[in-house]
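Colleague: In my numbering, the protein residues as written are 3 to 88. The structure follows.
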């Protein structure tokens, strides 16, 4: 990690922070399991329902870490494609 922390995010509501932390940690686990030599991106499907502000904070967090994040929406929840910058 590049030193950007969850404390640097501007969470709109304090009750959203726990879910955001959970989704970020789930994403790191998925990203570590991805073989980046064979693929250019991985898709993250959060286990919790996220609001748009949480999705934007997720995107901001990973973009500040040096990744490109594309927000998508399906089945009343957001999911993300995370791309490695070459």
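Think of the CB as a built atom: it goes at the ideal place given N, C-alpha and C, for glycine as much as any other residue. None of the values given here were measured: they were computed from a predicted structure.
Can you give me the start and stop residues for the beta strand (DSSP E) that residue 42 sits inside?
Modeller: Looking up residue 42 in the chain shown gives position 40. No beta strand (DSSP E) contains residue 42, which DSSP labels as neither H nor E.
Colleague: The beta strand (DSSP E) with residue 30 in it runs from where to where?
Modeller: Indexing the chain shown from 1 puts residue 30 at position 28. Per DSSP, residue 30 belongs to no beta strand (DSSP E); it is in the alpha helix (DSSP H), 19-35.
Colleague: Residues in the same chain with beta-carbon distance under 6 Å from residue 79, minus the five sequence neighbours each way, listed in chain order, please.
Modeller: Sequence index remark: in the chain shown, residue 79 carries index 77 (1-based). Closer than 6 Å at Cβ, skipping near neighbours: 51.
Colleague: Let me check understanding here. Comparing Cα to Cα, which of 57, 38 and 21 lies closest to residue 76?
Modeller: Residue 76 sits at position 74 when you count from the first residue of the chain shown. When each option's Cα is compared against that of residue 76, the closest is 57.
Colleague: With residue 61 and residue 46 assumed to form a contact (beta carbons below 8 Å), what rounded beta-carbon distance in angstroms separates them?
Modeller: Looking up residue 61 in the chain shown gives position 59. Looking up residue 46 in the chain shown gives position 44. At roughly 11 Å, the Cβ-Cβ gap does not stay under 8 Å, so residue 61 and residue 46 are not in contact.
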